[in-house]
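Step one of this worksheet: look at the structure below.
Below, the structure is given as structure tokens:
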């Protein structure tokens, strides 16, 4: 009986609600529209944010790939110095720097650590390559630039930039094994270039002790350490050979009793010529 009574009450309540629904909608229509508008705005904002993140990630990926491709082309360029090559190097450097800067500006430090480390690696490899480039020949045309272009900077300046990029990797991205390994080798090579054997040895030891270093890289680091002992030894300079005294022919006598100088002559083959045959016996002499 009680259950039937409760059912009747619920039915009556639902019927009353349905009857009053149009009135409720008219009364609260503004609130309902406001809520719907807020929900739609939230959905649109979320979709816009996702699209922005996707576009940013795609832009970072393309910029990093462009930097690596340009660096590879620069490494394959003929080492013969000429003005056209110097211009190509300058353009390639500008492209790489722009691509790297885009990655550094737009990559997310929390989720794009590998790309950020790779961007610093491209920068370090670029300036290491430029530090080892042959100087471009001077042209007959006077330069109109008042400042020195990046590609004509000194090798020391390029080494400083390479060192700064590699140091950034080992300081902030040591958890990225491949860039960290390359950076350690780069810092060691720069130290060797500057004949700073202690610092080079420290970098190789850090490579060996790092948990993320591959076995082949550790073996190479150990080999380089063993080579440092020979590289840091001073060169042994031999004393100059004693000069051969010149022959004084000013007092040479003339006549049948003058002393002779038996100096063999060298032919084209570089050997002392000898007579093909020699008399077997001396000719006999007779008294008149």
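Residue numbers (the numbering used here): 47 to 334.
No residue lacks a Cβ here, since even glycine has one placed at the ideal position from N, Cα and C.
Computed from a predicted model, the values in this text were never measured in an experiment.
Query raised in the report: Roughly how many angstroms separate the alpha carbons of residue 130 and residue 250, rounded to a whole number?
Result: Here the question's residue 130 lines up with position 84 in the chain shown. Here the question's residue 250 lines up with position 204 in the chain shown. Between residue 130 and residue 250, the C-alpha separation is close to 38 Å.
Query raised in the report: What does a CB cutoff of less than 6 Å around residue 203 pick up in its chain, not counting 5 residues either side in sequence?
Result: Counted from its first residue, the chain shown places residue 203 at position 157. Sequence-distant Cβ neighbours of residue 203 in its own chain, meaning closer than 6 Å and more than five residues away, do not exist here.
**Report entry** Cα-Cα separation, residue 236 to residue 205
**Finding:** The residue you call residue 236 lines up with position 190 of the chain shown. The residue you call residue 205 lines up with position 159 of the chain shown. Approximately 7 Å, taken between the alpha carbons.
Requested in this report: For residue 219, count neighbouring C-beta atoms within 10 Å of its own C-beta (all shown protein chains included) and say buried if the count is 16 or more, exposed if not.
Outcome: Along the chain shown, read from residue 1 onward, the residue named residue 219 stands at position 173. Buried, since its Cβ has 16 or more Cβ neighbours within 10 Å.
Query raised in the report: What's the C-alpha gap between residue 120 and residue 97?
Result: By one-based count along the chain shown, residue 120 stands at place 74. By one-based count along the chain shown, residue 97 stands at place 51. Straight-line Cα distance between these residues: approximately 34 Å.
Requested in this report: Taking only the alpha-carbon atoms, compute the straight-line gap between residue 88 and residue 225 and give it to the nearest angstrom.
Outcome: Position 42 of the chain shown holds residue 88. Position 179 of the chain shown holds residue 225. Looking at the two C-alpha atoms, the distance is approximately 40 Å.
Requested in this report: Classify residue 215 as buried or exposed, calling it buried when 16 or more other Cβ atoms lie within 10 Å of its own Cβ.
Outcome: Taking the first residue of the chain shown as position 1, residue 215 is located at position 169. The residue is buried, with at least 16 neighbouring Cβ atoms inside 10 Å.
Query raised in the report: If you pair each beta-carbon of the region 106–118 with each one of the region 75–85, do three or more pairs fall below 8 Å?
Result: Fewer than three Cβ pairs drawn from the region 106–118 and the region 75–85 lie within less than 8 Å of each other, which leaves the two stretches out of contact.
Report task. Go ahead and label residue 209 buried or exposed: buried means 16 or more other beta carbons lie within 10 angstroms of its beta carbon, across all protein chains shown. Result -> The sequence position of residue 209 within the chain shown is 163, counting from 1. That one is buried.
Requested in this report: Measuring alpha carbon to alpha carbon, tell me which of 263, 254, 99 ends up nearest residue 154.
Outcome: Here residue 154 is taken as the residue at index 108 of the chain shown, counted from 1. Nearest option by C-alpha distance: 99.
Report task. Would you check if the distance between the CB atom of residue 230 and the CB atom of residue 252 is smaller than 8 Å? Result -> As a first step, residue 230 is located in the chain shown; it is residue number 184 there, counting from the start. As a first step, residue 252 is located in the chain shown; it is residue number 206 there, counting from the start. In this structure, residue 230 lies near residue 252, with their beta-carbon atoms less than 8 Å apart.
Query raised in the report: If we call anything under 8 Å between Cβ atoms a contact, is residue 211 one with residue 169?
Result: Position 165 of the chain shown holds residue 211. Position 123 of the chain shown holds residue 169. At the C-beta level, residue 211 and residue 169 come within 8 Å of one another.
Report task. Can you give me the start and stop residues for the alpha helix (DSSP H) that residue 250 sits inside? Result -> Position 204 of the chain shown, counted from the start, is the residue given in the question as residue 250. Element bounds for residue 250: 243–255.
Report task. Leaving out five residues on either side along the sequence, give the residues of the same chain with a beta carbon under 6 Å from the beta carbon of residue 279. Result -> One-based indexing of the chain shown puts residue 279 at position 233. Within the same chain, residue 279 has no close Cβ partners at all.
**Report entry** Alpha carbon of residue 123 to alpha carbon of residue 108, nearest angstrom
**Finding:** Here residue 123 refers to the residue found at position 77 of the chain shown. Here residue 108 refers to the residue found at position 62 of the chain shown. Approximately 23 Å between the Cα atoms of the pair.
Query raised in the report: Which same chain residues, not among the five before or five after residue 243, have their C-beta less than 8 Å away from its C-beta?
Result: Numbered from its first residue, the chain shown carries residue 243 at position 197. Same-chain partners within the cutoff: 237, 274, 277, 278.
Report task. List the endpoints of the continuous alpha helix (DSSP H) containing residue 219. Result -> Walking along the chain shown from the start, residue 219 turns up at place 173. Unbroken run through residue 219: none, as it is neither H nor E.
Query - Secondary structure of residue 78, DSSP reduced to three states - result: Residue 78 sits at position 32 when you count from the first residue of the chain shown. The answer is helix: DSSP assigns residue 78 an H, G or I state.
Query raised in the report: Taking just the CA atoms, how far does residue 171 sit from residue 125?
Result: Translated into positions along the chain shown, residue 125 becomes position 79. Translated into positions along the chain shown, residue 171 becomes position 125. Cα-Cα distance, rounded: 17 Å.
Requested in this report: Measuring alpha carbon to alpha carbon, tell me which of 138, 143, 272, 159 ends up nearest residue 217.
Outcome: Against the chain shown, residue 217 aligns to sequence position 171. The candidate whose alpha carbon is nearest that of residue 217 is 159.
Query raised in the report: In its own chain, which residues sit with a C-beta less than 6 Å from the C-beta of residue 263, not counting the 5 before and 5 after it?
Result: Along the chain shown, one-based indexing puts residue 263 at 217. Contacts found: 227.
Report task. May I have the straight-line CA-CA distance separating residue 178 from residue 239, to the nearest angstrom? Result -> Taking the first residue of the chain shown as 1, we reach residue 178 at position 132. Taking the first residue of the chain shown as 1, we reach residue 239 at position 193. Approximately 10 Å, taken between the alpha carbons.
Query - For residue 91 and residue 271, the rounded distance between their alpha carbons - result: Counted from its first residue, the chain shown places residue 271 at position 225. Counted from its first residue, the chain shown places residue 91 at position 45. Taking the straight line joining both Cα atoms gives about 57 Å.
Query raised in the report: Helix or strand or just coil, what does DSSP make of residue 123?
Result: Counting from one through the chain shown, the residue named residue 123 turns up at place 77. In the structure shown, the three-state DSSP call for residue 123 is coil.
Query raised in the report: Between 213, 84, 139, which lies nearest to residue 163 when the distance is taken from Cα to Cα?
Result: Taking the first residue of the chain shown as position 1, residue 163 is located at position 117. Closest by alpha carbon: 213.
Query raised in the report: Cα separation between residue 165 and residue 152?
Result: Walking along the chain shown from the start, residue 165 turns up at place 119. Walking along the chain shown from the start, residue 152 turns up at place 106. Each residue's Cα considered, the two are about 12 Å apart.
Report task. Classify residue 180 as helix, strand or coil using the three-state DSSP reduction. Result -> Position 134 of the chain shown, counted from the start, is the residue given in the question as residue 180. The DSSP-derived three-state label of residue 180 is coil.
Query raised in the report: For residue 240, which three-state DSSP category applies?
Result: Counted from its first residue, the chain shown places residue 240 at position 194. Coil.
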